[in-house]
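Notes to accompany the following structure.
Number of protein chains: 2
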Amino acid sequence: MNKIIDSPLILASKSPRRKKLLKQIDLTFKVIPSDVDENLDIKLFPPDFVSHYAKMKAESVSKTNKGCYVIGADTIVVNNEKILGKPKNKDESYQMLSSLSGKTHKVYTGVSIQHYDYKIDKTFHEVTDVSFNTLSDLDIYYYIDRYKPFDKAGSYGIQDWFSAHVNKINGCYYNVMGLPLASFYRHFFALMK
Amino acid sequence: MNKIIDSPLILASKSPRRKKLLKQIDLTFKVIPSDVDENLDIKLFPPDFVSHYAKMKAESVSKTNKGCYVIGADTIVVNNEKILGKPKNKDESYQMLSSLSGKTHKVYTGVSIQHYDYKIDKTFHEVTDVSFNTLSDLDIYYYIDRYKPFDKAGSYGIQDWFSAHVNKINGCYYNVMGLPLASFYRHFFALMK
Chain A
0 MNKIIDSPLI
10 LASKSPRRKK
20 LLKQIDLTFK
30 VIPSDVDENL
40 DIKLFPPDFV
50 SHYAKMKAES
60 VSKTNKGCYV
70 IGADTIVVNN
80 EKILGKPKNK
90 DESYQMLSSL
100 SGKTHKVYTG
110 VSIQHYDYKI
120 DKTFHEVTDV
130 SFNTLSDLDI
140 YYYIDRYKPF
150 DKAGSYGIQD
160 WFSAHVNKIN
170 GCYYNVMGLP
180 LASFYRHFFA
190 LMK
Chain B
0 MNKIIDSPLI
10 LASKSPRRKK
20 LLKQIDLTFK
30 VIPSDVDENL
40 DIKLFPPDFV
50 SHYAKMKAES
60 VSKTNKGCYV
70 IGADTIVVNN
80 EKILGKPKNK
90 DESYQMLSSL
100 SGKTHKVYTG
110 VSIQHYDYKI
120 DKTFHEVTDV
130 SFNTLSDLDI
140 YYYIDRYKPF
150 DKAGSYGIQD
160 WFSAHVNKIN
170 GCYYNVMGLP
180 LASFYRHFFA
190 LMK
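Protein chains in written order, with numbering that gives the first Met the number 0: chain A, 0 to 192; chain B, 0 to 192.
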């Protein structure tokens, strides 16, 4: 925290996890969610997919908040080259979790930092490998019934009860939660005078 | 959570982080800290060091709570084969953090699960590699002044503001916080009938 942030900061996301993470590193900001929705049918490689949506989300809020820094982000889970979004219901949730059981998958987050007046558009992504223990059906049903993970890509939260089943990660932990804090911090403060 | 826990559970640690982690995986338990103190001069390799102290901590509480499961744990940070405990003051804190800057170190946690009446003594350890961004002196002083990390091995908390400087881990994240949840969950429920 060695530089002055010269404009107000806006988080263009309604994710409570991203809000918590930005607070964790002592930033002051306003939340203005974008109205951009992901379309999983778009044919893009995962790094391009998350960068594309992070950029769209930041842009949509930036153009009506021209004097502010705006942060957009997009997170997806990729298993066997298939993108997993948010599960629509219990069945989809069960399918996703059992497909991830006992294996390693990848989590991509794209981040876009924009400032309309300053003509800043810095977009980057991070990837983290996540390894699960083998899940029993009882574990999966307990989790779905109790935690209702329908707002989470891949149908799990690495920071809740499900943490009992994540035996290893390789990469940035906070990337899995939805915002890679270390790379965000480095890129963001590099933009300040 | 597919088996009944057949005795009360005690956490033999006053660490607020370990308490938070056990709650996170929906366990009900009492906290009875042990009075065992680490002696960093003991000549043991890191995995033996943390296992030794985890076991001593669990034993000291188990012998007066014979009908309970007791969990002891011990966490150390190891950099260039040197064990870093908790810093005694600002100077030690500064020394530790600058020695870790821009490099990868290891975090070991030993865990011991004991039940006196059932003659259970299950002790194991986990290791996680943690990589820091390069820290400026301003970053280090900001952190020490604001977060006073004197109760933390290695002088940092991976879950607080310092998360902005941890660019990568390889292994269990919760191991770095003080309790490797996935291996604990697996070992603990394997003990139940």
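For each residue, glycine too, the CB sits at the ideal point set by N, CA and C.
message = Within the continuous alpha helix (DSSP H) that includes E125 of chain B, where are the two ends?
response = Stepping through the second sequence from its first residue, residue 125 of chain B is reached at position 126. Taken as a continuous stretch (DSSP letters only), E125 of chain B belongs to no alpha helix (DSSP H), being part of the beta strand (DSSP E) at I119 to F131.
message = I want to verify the contact list: residues of chain A whose CB lies under 7 Å from the CB of K167 of chain B, in sequence order.
response = Taking the second sequence and counting its residues from 1, one reaches residue 167 of chain B at position 168. G170 and C171, listed in chain order.
request  = Run down chain B in chain order and give the residues with a C-beta less than 7 Å from the C-beta of S162 of chain A.
outcome  = Counted from its first residue, the first sequence places residue 162 of chain A at position 163. Ordered by position in chain B, the residues that pass the 7 Å Cβ test against S162 of chain A are Q23, I24, Y173 and L180.
ask   = If we count the other Cβ atoms within 10 Å of its Cβ and call it buried at 16 or more, is N79 of chain B buried or exposed?
value = Along the second sequence, one-based indexing puts residue 79 of chain B at 80. With fewer than 16 other Cβ atoms within 10 Å, it is exposed.
task = Compare the beta carbon distance of G177 of chain A and R16 of chain A with 9 Å and say whether it is the shorter of the two.
result = Residue mapping note: residue 177 of chain A aligns to position 178 of the first sequence, counting from 1. Residue mapping note: residue 16 of chain A aligns to position 17 of the first sequence, counting from 1. Yes. Within cutoff.
message = Just checking: is the beta-carbon of R145 of chain B within a distance shorter than 9 Å of some beta-carbon in chain A?
response = Within the second sequence, residue 145 of chain B is the residue found at index 146, counting from 1. Yes, R145 of chain B counts as interfacial toward chain A.
request  = Would you list the residues sitting across from V76 of chain B in a DSSP beta bridge?
outcome  = Your numbering for residue 76 of chain B matches position 77 in the second sequence. Partner(s): B:L83 and B:V106.
key: Spatially closest choice to F48 of chain B from B:D116, B:H104, B:K102 and B:T108, by CA coordinates   = Position 49 of the second sequence, counting from 1, holds the residue named residue 48 of chain B. The residue with the shortest Cα to Cα distance from F48 of chain B is B:T108.
ask   = Quick one: any contact between the segment 103 to 117 of chain B and the segment 135 to 147 of chain B, if contact means 3 or more CB pairs under 8 Å?
value = no
ask   = When burial is assigned at 16 or more other CB atoms within 10 Å of the CB, is A163 of chain A buried or exposed?
value = By 1-based counting over the first sequence, the position of residue 163 of chain A is 164. Label assigned to A163 of chain A: buried.
query = Cβ of F28 of chain B less than 9 Å from any chain A Cβ?
reply = For the purposes of this step, residue 28 of chain B is taken as residue 29 along the second sequence, with counting starting at 1. So, not an interface residue.
message = Starting from L43 of chain A, trace the beta strand (DSSP E) in both directions and tell me its first and last residue.
response = The residue labelled residue 43 of chain A in the question sits at position 44 within the first sequence. Unbroken run through L43 of chain A: none, as it is neither H nor E.
query = Along the segment 126 to 159 of chain A, what residues have a CB closer than 7 Å to any CB found in chain B?
reply = N132, S135, L137, D138, Y141 and D159
task = Step through the CB atoms of chain A and report whether any lies within less than 9 Å of the CB of L20 of chain B.
result = Along the second sequence, read from residue 1 onward, the residue named residue 20 of chain B stands at position 21. Cβ-Cβ to chain A under 9 Å: yes for L20 of chain B.
message = Please tell me whether Y184 of chain A has its Cβ less than 9 Å away from any Cβ of chain B.
response = Counted from its first residue, the first sequence places residue 184 of chain A at position 185. For Y184 of chain A, the answer is yes, since a Cβ of chain B falls inside 9 Å of its Cβ.
message = To the nearest angstrom, how far is the alpha carbon of K118 of chain A from that of S182 of chain A?
response = Position 119 of the first sequence, counted from the start, is the residue given in the question as residue 118 of chain A. Position 183 of the first sequence, counted from the start, is the residue given in the question as residue 182 of chain A. Taking the straight line from one Cα to the other gives about 21 Å.
ask   = Can you find at least 3 beta carbon pairs, one from the segment 83 to 96 of chain A and one from the segment 19 to 26 of chain A, that sit closer than 8 Å?
value = no
query = With a Cβ-Cβ cutoff of 9 Å, do K81 of chain A and V129 of chain A count as a contact?
reply = Working through the first sequence from its first residue, we reach residue 81 of chain A at position 82. Working through the first sequence from its first residue, we reach residue 129 of chain A at position 130. It is not a contact, given that the beta carbons lie outside the stated cut-off.
I112 of chain B beta carbon less than 9 Å from that of V77 of chain B = Start at 1 with the first residue of the second sequence, and residue 77 of chain B comes out as number 78. Start at 1 with the first residue of the second sequence, and residue 112 of chain B comes out as number 113. Cβ atoms of V77 of chain B and I112 of chain B: not closer than 9 Å.
request  = Spell out the partners DSSP gives H114 of chain A in its beta bridges.
outcome  = Translated into the one-based positions of the first sequence, residue 114 of chain A becomes position 115. According to DSSP, which records beta bridges pairwise, H114 of chain A is partnered with A:I119.
message = Taking the beta carbon of I3 of chain A as the centre, do at least 16 other beta carbons fall within 10 Å, making it buried, or is it exposed?
response = The residue given as residue 3 of chain A occupies position 4 in the first sequence. Looking at its Cβ environment, which holds fewer than 16 other Cβ atoms inside 10 Å, I3 of chain A is exposed.
request  = Buried or exposed for D73 of chain A, please, with buried defined as at least 16 other CB atoms from any protein chain shown within 10 angstroms of its CB.
outcome  = In the first sequence, residue 73 of chain A corresponds to position 74, counting from 1. When all chains shown are included, D73 of chain A counts as buried.
inquiry  = Rounded to the nearest angstrom, what separates P148 of chain B and N132 of chain B at their Cα positions?
reply    = Walking along the second sequence from the start, residue 148 of chain B turns up at place 149. Walking along the second sequence from the start, residue 132 of chain B turns up at place 133. For P148 of chain B and N132 of chain B, the distance between alpha carbons rounds to 18 Å.
ask   = Could you give the uninterrupted runs of the alpha helix (DSSP H) lying entirely in the segment 8 to 65 of chain B, keeping only those of 4 residues or more?
value = 15 to 23 and 45 to 61
Whole-angstrom distance between V165 of chain A and K56 of chain B, CA atom to CA atom = Along the second sequence, one-based indexing puts residue 56 of chain B at 57. Along the first sequence, one-based indexing puts residue 165 of chain A at 166. Going by the C-alpha atoms only, they are around 26 Å apart.
inquiry  = Looking only at its chain, what residues have a beta carbon closer than 6 Å to the beta carbon of P7 of chain A, apart from the 5 residues adjacent to it on each side?
reply    = Along the first sequence, read from residue 1 onward, the residue named residue 7 of chain A stands at position 8. Around P7 of chain A: C67.
key: Opening and closing residue of the beta strand (DSSP E) in which N166 of chain A lies   = Stepping through the first sequence from its first residue, residue 166 of chain A is reached at position 167. Note, N166 of chain A: beta strand (DSSP E), V165 to G170.
query = Hey, out of B:F44, B:S14, B:I41 and B:L180, whose CA is closest to S33 of chain B's CA?
reply = Here residue 33 of chain B corresponds to residue number 34 of the second sequence, with the count starting at 1. It is B:S14 whose Cα lies nearest to the Cα of S33 of chain B.
inquiry  = Our contact map puts I75 of chain B next to A152 of chain B with C-beta atoms below 8 Å; I'd like the distance itself, whole angstroms only.
reply    = Counted from its first residue, the second sequence places residue 75 of chain B at position 76. Counted from its first residue, the second sequence places residue 152 of chain B at position 153. Rounded, the Cβ-Cβ distance is 5 Å, consistent with contact.
query = Quick one: Cα of I157 of chain B to Cα of K192 of chain A, how far?
reply = To locate residue 157 of chain B, count along the second sequence from 1; it is residue 158. To locate residue 192 of chain A, count along the first sequence from 1; it is residue 193. Rounded to the nearest angstrom, the two C-alpha atoms are 28 Å apart.
task = Have a look at G71 of chain A and S59 of chain B and give me their C-alpha separation to the nearest angstrom.
result = Here residue 71 of chain A is taken as the residue at index 72 of the first sequence, counted from 1. Here residue 59 of chain B is taken as the residue at index 60 of the second sequence, counted from 1. Taking the straight line joining both Cα atoms gives about 51 Å.
query = Going by DSSP, what residues sit across from I70 of chain A in a beta bridge?
reply = On the first sequence, position 71 is the one that residue 70 of chain A refers to. In DSSP, I70 of chain A forms a bridge with A:L10 and A:I112.
task = Indicate whether Y146 of chain A and S61 of chain A have their beta-carbon atoms separated by less than 9 Å.
result = Here residue 146 of chain A refers to the residue found at position 147 when the first sequence is read from its first residue. Here residue 61 of chain A refers to the residue found at position 62 when the first sequence is read from its first residue. For Y146 of chain A and S61 of chain A, no; Cβs fall outside 9 Å.
Rounded C-alpha distance that separates V126 of chain A from S154 of chain A = Your numbering for residue 126 of chain A matches position 127 in the first sequence. Your numbering for residue 154 of chain A matches position 155 in the first sequence. Cα-Cα distance, rounded: 18 Å.
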